[in-house]
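Notes for the one structure printed next.
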Amino acid sequence: MTEEEEAELDEQAEDADEAATDGLQEGDFVEIEYTAYTADGDQLVDTTDPDVAEEEGVDDQGQEFKPRTIVLGEGHIFEDVEDELVGGEAGDEGTVTVPAEEAFGEYDPENVETVSAEKIDEDDRYPGANVQVDGRQGYISTIIGGRARVDFNHPLAGEDVEYEYEIVDAVDDREKQAAGLFEMMLGMEPELWIETDEVEEEVPVEPDDEDDEDAEPEFETEVVEKETLYLEATPQMTMNQQWMMGKQQIGQQVIDQVGVDRVIVQEVIDGMGGMGMPGMMGGMGGAGGGDIEDALEDADVDADEIVEELEGAEE
Numbered sequence: 191m192t193e194e195e196e197a198e199l200d201e202q203a204e205d206a207d208e209a210a211t212d213g214l215q216e217g218d219f220v221e222i223e224y225t226a227y228t229a230d231g232d233q234l235v236d237t238t239d240p241d242v243a244e245e246e247g248v249d250d251q252g253q254e255f256k257p258r259t260i261v262l263g264e265g266h267i268f269e270d271v272e273d274e275l276v277g278g279e280a281g282d283e284g285t286v287t288v289p290a291e292e293a294f295g296e297y298d299p300e301n302v303e304t305v306s307a308e309k310i311d312e313d314d315r316y317p318g319a320n321v322q323v324d325g326r327q328g329y330i331s332t333i334i335g336g337r338a339r340v341d342f343n344h345p346l347a348g349e350d351v352e353y354e355y356e357i358v359d360a361v362d363d364r365e366k367q368a369a370g371l372f373e374m375m376l377g378m379e380p381e382l383w384i385e386t387d388e389v390e391e392e393v394p395v396e397p398d399d400e401d402d403e404d405a406e407p408e409f410e411t412e413v414v415e416k417e418t419l420y421l422e423a424t425p426q427m428t429m430n431q432q433w434m435m436g437k438q439q440i441g442q443q444v445i446d447q448v449g450v451d452r453v454i455v456q457e458v459i460d461g462m463g464g465m466g467m468p469g470m471m472g473g474m475g476g477a478g479g480g481d482i483e484d485a486l487e488d489a490d491v492d493a494d495e496i497v498e499e500l501e502g503a504e505e
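Written out as structure tokens, the structure reads:
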């Protein structure tokens with residue numbers, strides 16, 4: 191092979207590498223719209239379309255139907271759909287059929303078991319009820335007397351799923367990326383912002399005698415910059431079950447994927463419009479003579495007369 195032929199092959203390989211990295215890649219944040227039905231078209235699996243949600247009668251479940259932000263390669267949607275999105279760009283759309291084994295699994299008859307009805311809450315003892323038995327989620331297929339047949343397969347097990355999708359846009363703004371992650375994990379989008387803070391941090395220093403293994407470690411204080419994602423903890427978020435059970439994992443995922451140094455959650459307590467609480471500072475029962483005198487004056491009460499009456503009572 192001549193040098194010219196080798197150079198041409200190298201150039202073709204470089205062009206192929208550049209083409210392979212065009213478009214969206216794993217790790218990218220992307221905003222997508224989609225609607226997924228079982229392949230036979232009978233059952234809605236998920237949608238971001240409010241019109242579809244209304245048509246299917248699921249628009250009253252407290253969920254907002256709008257485009258969603260996901261991270262490619264993180265398993266936020268089925269892998270077959272992710273594979274279609276990689277390399278794509280805003281405006282691309284298509285349909286992907288996800289086979290049952292890659293969607294919600296094949297249907298396994300052995301996952302249908304007969305259990306005592308005593309293990310099921312009395313209010314849930316009817317066919318079709320979603321129940322939890324011995325830590326497993328299932329639904330009742332039949333119930334007769336004191337026995338119930340519980341199907342522990344996923345309700346969509348054995349069903350191929352057809353996804354229609356459209357790539358709305360790549361998401362580069364990190365605050366939008368973080369908001370999208372929180373919405374996906376918590377079902378709500380909290381108020382948040384990113385700032386760079388100067389923080390004092392203790393860092394180790396090299397000992398004077400490096401051969402002294404028994405030397406106490408020494409530290410010095412340095413001022414370092416940290417990118418901080420601030421998050422306002424509203425009552426709705428504070429009571430969110432996913433947040434209560436997994437705030438550490440959720441925060442770490444946001445740190446890793448958005449690329450900030452830390453997450454600070456701020457709880458906001460609104461004031462009461464200047465109304466003091468009895469026994470609290472600034473209130474009628476608190477310390478601070480000026481406040482008490484002002485209150486007496488507003489009530490048209492002479493403080494000197496009160497003192498005289500108290501002294502008379504003591505005598």
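Everything in the sequence shown is counted per our numbering, starting at 191 for the first residue and increasing by one.
A virtual CB, placed ideally from N, CA and C, is assigned to each residue, including glycine.
Proximity of GLU365 and ILE384 at Cβ, strictly below 7 Å: With contacts defined as CB atoms closer than 7 Å, GLU365 and ILE384 qualify as a contacting pair.
Three-state secondary structure assigned by DSSP to PRO394: Of the three classes helix, strand and coil, the one that applies to PRO394 here is strand, per DSSP.
Limits of the unbroken beta strand (DSSP E) element including GLY284: Per DSSP, GLY284 belongs to the beta strand (DSSP E) from 283-288.
Beta bridge counterpart(s) of GLU352 as assigned by DSSP: Under the DSSP definition of a beta bridge, GLU352 partners with TYR227 and THR287.
Environment of GLY247 [buried if 16+ CB atoms lie within 10 Å]: With fewer than 16 other Cβ atoms within 10 Å, it is exposed.
Three-state secondary structure (DSSP) of THR428: The answer is helix: DSSP assigns THR428 an H, G or I state.
Residues near VAL288 in its chain [Cβ-Cβ closer than 6 Å; skip 5 each side]: Cβ within range, chain order: PHE268, ASP270 and VAL351.
Cutoff 7 Å: GLN322 Cβ touching any chain B Cβ: No chain B is part of this structure, which consists of one protein chain only.
Cutoff 6 Å; reference GLY277; Cβ partners in own chain excluding five residues on either side: In chain order, GLY213 place their CB closer than 6 Å to the CB of GLY277, counting only its own chain and leaving out the 5 sequence neighbours on each side.
CB of GLU391 within 7 Å of CB of GLU410, strictly: No. Outside cutoff.
Sub-7 Å separation of THR259 and PHE294 beta-carbons: In this structure, PHE294 does not lie closer than 7 Å to THR259 by Cβ.
Residues of its chain near TYR355, where Cβ-Cβ distance is below 6 Å and the 5 sequence neighbours each way are ignored: Taking C-beta separations shorter than 6 Å and ignoring five residues to either side along the sequence, the partners of TYR355 in its chain run ILE222 and TYR224, following chain order.
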